[in-house]
Structures are given as C-alpha cells and as structure tokens.
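So the structure is just underneath, and the comments pick up after that.
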Amino acid sequence: MTTSLSPATTIDEFTPEQLELQARARAFVENVLMPLEQEAQKNDGRLPAETVTRIRQEAVAARLQGGRFAPQYGGQGWSMVEWFLVNEQFGRVTNGLHWHVPNAYNVLLQGTPDQIDRYLRPILRGEGGDTAYAVTEEHSGSDPSTIATTARRSDAGWAIDGEKWFVTSGDVANVIIVMGNVIEDGEKLPTLFLVEPDAPGVEFVEDPAYSHSFPHGHPTIRFTGVEVPEEAVIGGIGNGDDLQRAWFTEERLGIATHGLGAMWRLLDEATAWALEREQGGSRIFDYQGVSFPLADSATDAAVGRLLALQVARMVDAEADLKIVHAKASMAKLFVSEAAHRCADRAVQVFGGRGYMRSNVAERFLRELRVDRIWEGTSEIQRLIIARALERRGVERTIH
Ligand SMILES: Cc1cc2nc3c(=O)[nH]c(=O)nc-3n(C[C@H](O)[C@H](O)[C@H](O)COP(=O)(O)OP(=O)(O)OC[C@H]3O[C@@H](n4cnc5c(N)ncnc54)[C@H](O)[C@@H]3O)c2cc1C
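The following block contains the structure:
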C-alpha cells in the first residue's frame with residue numbers, strides 16, 4: 002500500500018535527521034512488518050520463531066532497537082520527539098507486530114551491572130529475550146495501592162508471595178518485573194523485584210484468550226514463596242511507585258503515539274477505498290454520509306497529533322513532571338478514544354468488507370479497544386486530569 006500523507010507536509014517542524022529517522026522507521030514498517038499482517042492474523046498474532054528472528058535482525062539493521070536506551074546499553078538514545086516519530090510508524094501496523102522490535106522496560110536500568118548484562122544488553126543486540134511487568138492482581142487493578150503481593154526477608158534474600166494477572170509477555174519473558182510490598186514496621190513499601198520465570202514457586206495459572214491478536218499472551222502467574230537474592234530488588238526498597246509513575250508517562254504517550262499511527266493507516270486505507278468504490282452511480286466518497294466521518298477522523302488525528310507532540314517536546318525540555326504526567330494522560334485519553342471511533346467509522350466505510358478479519362479496520366477495531374483500558378483506564382486518566390485542574394490550575398493544565 003502507499004501512504005497519502007508525507008512527512009514533507011510538516012516542513013521545518015522536524016530536523017533533517019529526525020525526518021531521516023522517520024523515513025527509516027517507515028520503510029521498516031512498510032517493507033518488513035506490513036507484509037506479515039495477514040499471516041499473523043491467521044495465527045492469532047503469533048509468528049514462527051524464524052520470522053521473529055528475522056524481524057529482530059531487520060530492526061537492528063535499521064537501528065530501531067532500544068529507542069530511548071543510551072547507546073552504551075545498545076539503544077539509540079532518542080529524544081522523545083524522535084521516539085514519537087518512530088512509534089507513530091509502529092502504530093500503523095496491526096497484530097502488535099512492532100512488539101517484536103527489540104526493547105525493554107526502562108526500570109531494568111536500575112539493576113546491577115550484572116543484571117543489565119544478563120537481561121538488557123542481549124535483548125537490545127537483537128539476540129532475543131523479553132521482559133514482563135507484573136503489577137495488576139485479581140483485586141487490584143485501577144488502584145494498585147491495594148496489591149496483596151508481599152516480599153518477606155528470607156535466608157536467600159527475599160521470598161515473594163502473590164498472584165499477578167494480565168502479565169503481558171509473561172508466557173515468553175526471561176525476566177519478570179514484579180511489584181510487591183515489603184512490610185517493615187507495619188508499613189507497606191511498594192518495591193520492584195526481578196524474578197526469573199523458572200524459579201521454584203513460579204506457576205502459570207492460565208493464559209486467557211483476548212479480543213486482540215497479539216504476539217504474546219497475558220497470563221495469570223502465581224508466586225508462592227519464590228526466593229530471590231538481595232540484588233533482585235531494583236530501584237531500592239519502597240521506590241516501586243515512583244519508578245512506575247515515570248514509566249507510566251512514557252507508556253501513556255506511547256499508547257497515544259501508536260493510536261495516531263493507527264488513525265493515519267485507517268484514514269489512508271478507508272479514504273482510498275471510498276474514492277475508488279462506486280455504488281448508486283457515484284463514488285461512495287461523494288456521499289457525505291461516507292466522507293464526513295472520514296473528515297471527523299482526520300480532525301481527531303490532527304488534534305491528537307498536536308497534543309502528543311506537545312507532550313513529547315515537554316519531556317525533551319524537562320518540563321514540570323507533574324504537568325507532563327497530566328498532559329500524557331490527556332493525550333492517552335483523547336487519542337485512545339478517538340482512534341477507536343476512527344476504526345469504527347472505517348469499518349462502516351468498508352461495508353461488509355470492513356467486517357472481515359483480513360481488513361485493516363476490522364483488526365484495528367478489536368486491537369485499539371484495549372488502549373482505553375491498559376496503562377490506566379479512560380476513567381483513571383480523567384481522574385488524573387481532574388486532579389491537575391484542582392492542584393495546578395486550569396491555565397497550566399490546558400496550555
Ligand atoms: C490485554 C491486557 C494486557 C495487560 N497487561 C498488563 C501488564 O503487562 N501488567 C500489568 O500489571 N497489568 C496489565 N494489564 C492490566 C490493566 O492495566 C488493567 O486491566 C487496568 O489497569 C484496569 O484494571 P482492572 O482490569 O482491574 O479494572 P478495574 O480497576 O476493576 O476497573 C473496572 C472499571 O471500573 C472503573 N473504575 C475503577 N476505579 C475507578 C475510579 N476510581 N473512578 C472511576 N472509575 C473507576 C474502570 O475505569 C473500569 O471501567 C493488562 C490488561 C489487559 C486487558
């Protein structure tokens with residue numbers, strides 16, 4: 002497929018180096034990932050191991066792995082704007098195929114040099130390996146302060162007990178970052194631990210099926226007296242919440258950025274179809290019932306892009322983290338809701354074809370739905386934004 006929008010329409014907004022990076026990411030997405038979408042769909046998002054290896058190698062050859070990690074760890078050291086430009090391209094592909102591009106959770110940098118060598122560097126070299134991040138529990142979702150997982154001192158270091166739900170990549174990860182409470186003097190100290198999945202006491206309870214097709218599962222994992230050494234604590238005892246807040250900003254902006262890529266793709270495909278398809282003696286695009294929803298989607302995409310780019314620029318300018326946090330929530334809220342609307346409208350534009358799994362709009366309609374749920378539901382984003390209105394004031398929140 003060809004795309005109708007060109008980065009050149011945004012002259013002067015990006016440096017030549019940034020536009021080169023965007024073009025490189027775009028070529029990788031269009032030449033390596035998009036041709037695999039149908040095969041992935043037929044296999045519920047899974048691809049053969051040799052195909053995954055090839056994607057990793059091509060990503061490394063295109064210098065797209067480990068975007069925000071510093072080059073000394075094997076990453077690219079991108080600014081947030083550069084990371085935005087690449088992730089927008091990744092968002093144009095269905096079936097979560099960009100998940101195969103080597104990357105890891107940034108809290109791994111809090112590990113010891115040995116842990117960084119063991120878990121992070123091989124991933125960023127494209128040699129394989131995945132990380133998972135386990136916070137959510139059966140009775141603790143939107144309110145993570147209620148987690149029941151505990152870590153007690155033991156002869157080996159720490160013993161972890163608890164059960165985590167929806168652990169993305171928990172089925173393939175070679176290390177799981179687990180949030181648990183260290184109890185000291187009756188106080189709960191949220192702390193992150195590195196746990197290897199083959200440690201005694203780690204049990205995979207179930208791997209439920211979900212609406213989207215995705216490269217990995219989101220299993221429920223139980224930890225019963227799992228012994229980990231002292232150095233399995235990352236970022237210090239009691240620092241789990243702070244580390245997580247910093248990560249949420251990037252994750253929420255990431256969801257917005259991928260949603261923008263999805264809208265770009267949906268508009269490309271649905272507009273091309275509406276211009277070509279004839280019914281009742283004219284192009285369906287000439288019916289306002291078809292072209293106006295596309296116009297609304299284009300407006301959603303353009304507005305969301307301004308907001309998300311503003312957040313990326315604020316991160317690069319090291320703006321007040323509290324305002325950045327609220328703005329990232331706005332970007333996630335607006336784009337995740339808008340992208341889902343856009344996918345629904347695109348299905349309608351395609352008619353019966355839009356309901357086929359081979360159709361990009363059908364896949365996005367299923368895949369984008371979770372963006373309104375994970376990394377904080379839309380309601381939780383509204384709570385954060387409302388709190389910013391109260392604490393920082395209207396002007397600082399909206400400008
Ligand atoms: C596919 C998938 C992958 C995931 N991957 C991971 C992962 O890798 N690691 C991880 O830790 N978690 C993961 N999650 C969990 C995800 O972050 C949670 O599902 C999400 O935070 C919501 O929690 P919950 O499902 O328990 O819903 P609940 O918190 O029970 O919420 C249910 C409903 O109540 C609303 N609600 C709750 N509290 C309030 C409030 N205070 N005000 C207004 N409304 C409220 C919510 O918005 C929602 O509509 C994943 C989830 C999915 C579906």
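Quick note on our numbering: the sequence shown kicks off at 2 and runs consecutively. A virtual CB, placed ideally from N, CA and C, is assigned to each residue, including glycine. Quantities reported herein were computed from a predicted structural model and do not represent experimental measurements.
Sub-7 Å separation of residue i and residue j beta-carbons
i, j, result
"alanine 362", "valine 348", "yes"
"threonine 258", "glutamate 89", "yes"
"leucine 207", "tryptophan 166", "Note on identity: in this sequence residue 207 is glutamate, with leucine being the wrong assignment. Not in contact: glutamate 207 and tryptophan 166 (Cβ atoms no closer than 7 Å)."
"glutamate 228", "alanine 152", "no"
"isoleucine 177", "proline 198", "yes"
"glycine 130", "glycine 262", "no"
"leucine 268", "alanine 233", "no"
"histidine 217", "glutamate 368", "no"
"alanine 63", "phenylalanine 29", "yes"
"histidine 101", "valine 53", "yes"
"isoleucine 324", "arginine 253", "no"
"alanine 149", "glycine 163", "yes"
"glycine 67", "leucine 125", "yes"
"valine 203", "valine 291", "no"
"proline 294", "arginine 373", "no"
"leucine 65", "glutamine 19", "no"
"proline 220", "valine 136", "no"
"alanine 332", "valine 312", "yes"
"glycine 158", "proline 230", "yes"
Residue(s) in a DSSP beta bridge with residue i
i, result
"isoleucine 235", "Leu193"
"tyrosine 134", "Ile178"
"arginine 154", "Trp159"
"threonine 95", "None; threonine 95 has no bridge partner."
"glutamine 73", "Note: glutamine 73 sits in no beta bridge, so no partner."
"lysine 165", "Ile222"
"phenylalanine 205", "Ile222"
"glutamate 228", "Ala160"
"glutamine 280", "Ser283"
"isoleucine 184", "Lys189"
"serine 141", "Glu138"
Alpha carbon of residue i to alpha carbon of residue j, nearest angstrom
i, j, result
"alanine 50", "aspartate 186", "48 Å"
"isoleucine 385", "arginine 284", "45 Å"
"glycine 255", "arginine 354", "30 Å"
"glutamate 380", "arginine 370", "14 Å"
"serine 155", "glycine 226", "10 Å"
"asparagine 240", "alanine 273", "50 Å"
"asparagine 182", "glutamate 188", "9 Å"
"glycine 171", "phenylalanine 224", "13 Å"
"leucine 34", "glycine 394", "44 Å"
"cysteine 343", "alanine 133", "30 Å"
"leucine 244", "threonine 147", "17 Å"
"aspartate 118", "tyrosine 288", "59 Å"
"arginine 266", "leucine 121", "32 Å"
"isoleucine 184", "proline 145", "16 Å"
"leucine 98", "glutamate 376", "19 Å"
"aspartate 115", "isoleucine 235", "13 Å"
"methionine 2", "alanine 271", "Only weak support is given to the placement of methionine 2: the predicted model assigns it a pLDDT of 46, under 50, and the value that follows is read from those uncertain coordinates. Their Cα atoms are separated by approximately 12 Å."
CB contact below 7 Å: residue i versus chain D
i, result
"alanine 362", "Given the protein chain composition of this structure (a single chain), no chain D is represented."
Are the stretch 293-310 and the stretch 323-336 in contact at 8 Å, needing three or more beta carbon pairs? yes
Stretch pair the stretch 110-130 + the stretch 280-300: three plus CB contacts closer than 8 Å: no
Three or more C-beta pairs under 8 Å: does that hold for the stretch 34-48 against the stretch 69-84? no
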